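Undergrad: The structure that follows is given in the form of structure tokens.
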Amino acid sequence: MPSPYRALFDTPGTRSFTAAGFLGRMTLSMTSIGIVTMVSLITGRYGLAGALAATVALASAVLSPQISRLVDRHGQRRVLRPVTLVSAAAIAGLLLSAQQGWPDWTLFVFTACAGCVPSVGSMVRARWAAVHHSSPRLLHAAYSWESIVDEACFIVGPILSIGLCTSWFPEAGPLLATVFLVAGVFWLTAQRATEPAPHPRAHHAQGSALRSRGLQVLVVTFVATGAIFGATDVVTLAFAEEQGHQGAASLVLASYALGSCAAGVVFGMIHFKGPAARRWLVGVCAMAVSMIPLQLVGNLPLLAVALFFAGLSIAPTMVTTMALVEQHVPRANLTEGMTWTSTGLAVGVALGSSAAGWVVDAAGAGRGYLVPAVAGALAAAVAFLGYRRLRPAPQREGTGTDGRGTEDDRQEQDSRTDGSGPHGPGDTGGQAPARLA
Numbered sequence: 000m001p002s003p004y005r006a007l008f009d010t011p012g013t014r015s016f017t018a019a020g021f022l023g024r025m026t027l028s029m030t031s032i033g034i035v036t037m038v039s040l041i042t043g044r045y046g047l048a049g050a051l052a053a054t055v056a057l058a059s060a061v062l063s064p065q066i067s068r069l070v071d072r073h074g075q076r077r078v079l080r081p082v083t084l085v086s087a088a089a090i091a092g093l094l095l096s097a098q099q100g101w102p103d104w105t106l107f108v109f110t111a112c113a114g115c116v117p118s119v120g121s122m123v124r125a126r127w128a129a130v131h132h133s134s135p136r137l138l139h140a141a142y143s144w145e146s147i148v149d150e151a152c153f154i155v156g157p158i159l160s161i162g163l164c165t166s167w168f169p170e171a172g173p174l175l176a177t178v179f180l181v182a183g184v185f186w187l188t189a190q191r192a193t194e195p196a197p198h199p200r201a202h203h204a205q206g207s208a209l210r211s212r213g214l215q216v217l218v219v220t221f222v223a224t225g226a227i228f229g230a231t232d233v234v235t236l237a238f239a240e241e242q243g244h245q246g247a248a249s250l251v252l253a254s255y256a257l258g259s260c261a262a263g264v265v266f267g268m269i270h271f272k273g274p275a276a277r278r279w280l281v282g283v284c285a286m287a288v289s290m291i292p293l294q295l296v297g298n299l300p301l302l303a304v305a306l307f308f309a310g311l312s313i314a315p316t317m318v319t320t321m322a323l324v325e326q327h328v329p330r331a332n333l334t335e336g337m338t339w340t341s342t343g344l345a346v347g348v349a350l351g352s353s354a355a356g357w358v359v360d361a362a363g364a365g366r367g368y369l370v371p372a373v374a375g376a377l378a379a380a381v382a383f384l385g386y387r388r389l390r391p392a393p394q395r396e397g398t399g400t401d402g403r404g405t406e407d408d409r410q411e412q413d414s415r416t417d418g419s420g421p422h423g424p425g426d427t428g429g430q431a432p433a434r435l436a
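Have a look at this one:
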């Protein structure tokens, strides 16, 4: 393992919570595409399949920030275990209703309830922050490592999910994803030594972390970015079916994740000194441009190559987003702030999956790649318009030495008479800040 990644695991417990996080995160890459594959195989309706994928993504978008806010206040173990069991029960109901051919509305009800899936990747990043909060260099490497793990999930997950659905039985992919989720969450929360201590209620800023104008830009941009991902999954599956090789869709999508994984490895080894906002803007624009070649591909091998190069911009952009959230969100609300970016992605995946499903049904898979192209253009436009909000504001004396104070933090500090207390300068409440994506 190349430096600086080797240094990440010198602390006891880090290998174990990383492995648990990988297992729990497999559901992220398996459930949505598994639902699309399952429903398309059972009913042949890509519109319904896309709408169900959109439903689970939207439900997650609504519930995930609330789950993360509870984790900030009560800890991972107390919150994650019960919500995971609720999600698992809902997925079981979805599989049963699909297998038995129950009315469509039952599919939507169970899918919506399944949206209370915790953001396992966010919880693992919170643990990394507790371990390496005093070393920005190692924390950058840790976030890059987690991006690599994310992409590894998206390499392995779709292959498992689509492969099991097509070669075993239609419900097999989502079923295995649920098993991974329960096993990963219970394994992770059993590791108490590395669990970040919860922040008392008094340490939290009034209102939501989404009050931050910088975070608002990130979330809106990520809605469009998520539409790229959701549409690409659905259209690629339909395109592979049109080519007579539906099972190969998992390999093609794996090339997309492989490109991101390779870029994440290199990105984590580089120490950047320029403004993170500029790197983020370049990354979003690169993602938008990478959607253009998809309009020209005519077969699966060319599509796999195009998606590999499109994936090169994903991991660096995601890692940079984590740094920007830290700059624009109060420390005690970082778990919630990081989850809002995931929420933006989830909303985008919902919209992209649904739109792509209807376009495929109406005009075929070839036309479906227009959906991620339009989404990429919207992401770039929002990034350009909101760039000024993301540039770091000048830091006044007394706002801390790490450059993470936000405008809301400074206003809150100004309202205090002596600048002390749980939100005083440089204070983290005796705990490492929790961060997640």
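Using numbering that gives the first Met the number 0, you'd call the opening residue of the sequence shown number 0 and step up by one each time.
Note that CB positions come from ideal geometry on N, CA and C, so glycine has one too.
Predicted model only: the values in this text are computed from it and were never measured.
Rounded to whole angstroms, how far is the Cβ of Gly122 from the Cβ of Gln75, which I believe are closer than 8 Å?
TA: Residue numbering aside, residue 122 sits at position 123 when the sequence shown is read from its first letter. Residue numbering aside, residue 75 sits at position 76 when the sequence shown is read from its first letter. Sequence inspection shows Met at residue 122; the Gly mentioned does not correspond to that position. Correct: roughly 5 Å between the Cβ atoms.
Undergrad: Rounded to the nearest angstrom, what separates Leu174 and Trp167 at their Cα positions?
TA: As a working note, residue 174 is residue 175 in the sequence shown. As a working note, residue 167 is residue 168 in the sequence shown. Going from the Cα of Leu174 to the Cα of Trp167 covers about 12 Å.
Undergrad: Taking the straight line between their C-alpha atoms, what separation do you get for Ala489 and Phe153?
TA: It is not possible to answer for residue 489, since the shown part of the chain is limited to 0 through 436.
Undergrad: Please indicate yes or no: does the CB of Phe307 lie closer than 7 Å to some heavy atom of the ligand PLP?
TA: Among the components of this structure there are no ligands whatsoever, and the ligand PLP is therefore not found.
Undergrad: Given a cut-off of 8 Å, decide if Val283 and Tyr368 are closer than it, judged by their beta-carbon atoms.
TA: Here residue 368 corresponds to residue number 369 of the sequence shown, with the count starting at 1. Here residue 283 corresponds to residue number 284 of the sequence shown, with the count starting at 1. No, they are not a contact pair.
Undergrad: I believe Gly162 touches Ser249 by the beta-carbon criterion, under 8 Å. Please report the beta-carbon distance rounded to the nearest angstrom.
TA: Taking the sequence shown and counting its residues from 1, one reaches residue 162 at position 163. Taking the sequence shown and counting its residues from 1, one reaches residue 249 at position 250. Yes, they are in contact, since the Cβ atoms of Gly162 and Ser249 sit about 6 Å apart, within 8 Å.
Undergrad: Candidates Val61, Thr42 and Gly33: which alpha carbon is nearest Ala52's?
TA: Looking up residue 52 in the sequence shown gives position 53. It is Gly33.
Undergrad: If you check the beta carbons only, do Thr328 and Gly336 fall under 8 Å apart?
TA: For the purposes of this step, residue 328 is identified with residue 329 of the sequence shown, where counting begins at 1. For the purposes of this step, residue 336 is identified with residue 337 of the sequence shown, where counting begins at 1. At residue 328 the sequence reads Val, which differs from the Thr that was named. Contact flag set, yes.
Undergrad: Assuming the contact rule is C-beta atoms closer than 8 Å, Met286 and Thr316 should be a hit. Round their C-beta distance to whole Å, please.
TA: Against the sequence shown, residue 286 aligns to sequence position 287. Against the sequence shown, residue 316 aligns to sequence position 317. Contact flag correct, Cβ pair sits at about 6 Å.
Undergrad: With three or more beta-carbon pairs closer than 8 Å as the criterion, would you say the stretch 97-109 touches the stretch 214-227?
TA: no
Undergrad: Quick check on the burial criterion: 16 or more other C-beta atoms within 10 angstroms. Buried or exposed for Glu170?
TA: Here residue 170 is taken as the residue at index 171 of the sequence shown, counted from 1. Classification of Glu170: buried, given that the 10 Å Cβ count is 16 or more.
Undergrad: Express the C-alpha separation of Leu214 and Val324 in angstroms, rounding to a whole number.
TA: For the purposes of this step, residue 324 is taken as the residue at position 325 of the sequence shown. For the purposes of this step, residue 214 is taken as the residue at position 215 of the sequence shown. Answer to the nearest angstrom: the Cα atoms are 6 Å apart.
Undergrad: Nearest-angstrom Cα distance between Leu62 and Gly46?
TA: What you label residue 62 is simply residue 63 of the sequence shown in a count that begins at 1. What you label residue 46 is simply residue 47 of the sequence shown in a count that begins at 1. One C-alpha to the other measures close to 24 Å.
Undergrad: Considering only residues of the stretch 225-312, which uninterrupted alpha helix (DSSP H) runs meet the minimum length of 4 residues and lie entirely inside it, listed in chain order?
TA: 248-267, 275-288 and 299-310
Undergrad: Secondary structure at Gln394, three-state DSSP: helix, strand or coil?
TA: As a working note, residue 394 is residue 395 in the sequence shown. The predicted position of Gln394 is uncertain, since its pLDDT is 42 and thus under 50; a value taken from the coordinates is nonetheless stated next. Here Gln394 sits in coil by DSSP.
Undergrad: Throw me the rounded Cβ distance for the Leu7 and Leu137 pair, which I believe falls under 8 Å.
TA: What you label residue 7 is simply residue 8 of the sequence shown in a count that begins at 1. What you label residue 137 is simply residue 138 of the sequence shown in a count that begins at 1. Yes, they are in contact, since the Cβ atoms of Leu7 and Leu137 sit about 6 Å apart, within 8 Å.
Undergrad: Residues in its own chain within less than 7 Å of Arg366 by CB, not counting five upstream and five downstream?
TA: As a working mapping, residue 366 is identified with position 367 in the sequence shown. Residues Val358 of the same chain have their beta carbon placed closer than 7 Å to that of Arg366, with the five preceding and five following residues left out of the count.
Undergrad: In whole angstroms, what separates the C-alpha of Leu293 from that of Ala140?
TA: Reading the sequence shown from its first residue, position 294 is the one you call residue 293. Reading the sequence shown from its first residue, position 141 is the one you call residue 140. Their backbone Cα atoms lie some 31 Å apart in a straight line.
Undergrad: If you pair each beta-carbon of the stretch 299-309 with each one of the stretch 247-264, do three or more pairs fall below 8 Å?
TA: The stretch 299-309 vs the stretch 247-264: in contact.
Undergrad: Assuming Leu86 contacts Leu180 under a Cβ cut-off of 8 Å, what Cβ separation, rounded to an integer in Å, is found between them?
TA: Looking up residue 86 in the sequence shown gives position 87. Looking up residue 180 in the sequence shown gives position 181. Correcting the residue identity first, residue 86 is Ser in this sequence and not Leu. Going by Cβ atoms, the distance from Ser86 to Leu180 rounds to 7 Å, so yes, they are a contact pair.
Undergrad: With distances taken between CB atoms, is the gap from Ala382 to Gly310 smaller than 8 Å?
TA: Locating residue 382 in the sequence shown gives position 383, counting from the first residue. Locating residue 310 in the sequence shown gives position 311, counting from the first residue. Against a cut-off of 8 Å, the Cβ pair of Gly310 and Ala382 comes out as no contact.
Undergrad: Thinking Arg440 and Thr193 are a contact (beta carbons under 8 Å), I'd like their distance in whole angstroms, please.
TA: Limits of the chain in this structure are 0 at one end and 436 at the other, which puts residue 440 out of reach.
Undergrad: Can you grab the Cα-Cα spacing for the pair Val281 / Thr224, in whole Å?
TA: One-based indexing of the sequence shown puts residue 281 at position 282. One-based indexing of the sequence shown puts residue 224 at position 225. Their Cα atoms are separated by approximately 14 Å.
Undergrad: Closer than 6 Å by C-beta to Ser352: which residues in its own chain qualify, once you throw out the five before and the five after it? Chain order, please.
TA: The residue labelled residue 352 in the question sits at position 353 within the sequence shown. Excluding positions up to five away in sequence, the list reads Gly49, Ala52, Ala53, Gly229 and Val233.
Undergrad: Let me know the secondary structure DSSP gives Ala97 once reduced to three states.
TA: Within the sequence shown, the letter at position 98 stands for residue 97. The answer is helix: DSSP assigns Ala97 an H, G or I state.
Undergrad: Over the uninterrupted alpha helix (DSSP H) stretch that includes Trp186, give me the two end residues.
TA: As a working mapping, residue 186 is identified with position 187 in the sequence shown. Here the alpha helix (DSSP H) through Trp186 covers Ala171 to Thr188.
Undergrad: Leaving out the 5 sequence neighbours to the left and right, which residues in its chain are closer than 7 Å to Ala164 when beta-carbon positions are compared?
TA: One-based indexing of the sequence shown puts residue 164 at position 165. The identity of residue 164 in the sequence shown is Cys, whereas the question assumes Ala. Counting only Cβ-Cβ distances below 7 Å, and skipping sequence neighbours, we find Gly33, Thr36, Met37, Leu40, Ala171 and Gly172.
Undergrad: Taking C-beta to C-beta, are Thr26 and Thr177 nearer than 8 Å?
TA: Translated into the one-based positions of the sequence shown, residue 26 becomes position 27. Translated into the one-based positions of the sequence shown, residue 177 becomes position 178. In contact: Thr26 and Thr177 (Cβ atoms closer than 8 Å).
Undergrad: Kindly give me the distance between the Cβ atoms of Glu241 and Ala97, rounded to whole angstroms, as I take these residues to be in contact under 8 Å.
TA: Start at 1 with the first residue of the sequence shown, and residue 241 comes out as number 242. Start at 1 with the first residue of the sequence shown, and residue 97 comes out as number 98. The C-beta distance from Glu241 to Ala97 rounds to 23 Å, too long to meet the 8 Å contact threshold.
Undergrad: How would you call Gly156, buried or exposed, if buried means at least 16 neighbouring beta carbons within 10 angstroms?
TA: In the sequence shown, the residue the question calls residue 156 occupies position 157. Around the beta carbon of Gly156, 16 or more other beta carbons lie within 10 angstroms, which makes this residue buried.
Undergrad: Just checking my contact of Trp279 with Leu389 at CB under 8 Å: how many whole Å lie between their CB atoms?
TA: Counted from its first residue, the sequence shown places residue 279 at position 280. Counted from its first residue, the sequence shown places residue 389 at position 390. About 7 Å separates the two Cβ atoms, so the contact holds.
Undergrad: Are Val318 and Phe271 touching if we call contact CB-CB under 8 Å?
TA: Here residue 318 refers to the residue found at position 319 when the sequence shown is read from its first residue. Here residue 271 refers to the residue found at position 272 when the sequence shown is read from its first residue. Not in contact: Val318 and Phe271 (Cβ atoms no closer than 8 Å).
Undergrad: Helix, strand or coil, according to DSSP, for Tyr386 in the structure here?
TA: The residue you call residue 386 lines up with position 387 of the sequence shown. The answer is helix: DSSP assigns Tyr386 an H, G or I state.
Undergrad: Given that a residue counts as buried once 16 or more other Cβ atoms are within 10 Å of its Cβ, and exposed if not, what is Ala362?
TA: What you label residue 362 is simply residue 363 of the sequence shown in a count that begins at 1. Ala362 is exposed by the Cβ-count criterion.
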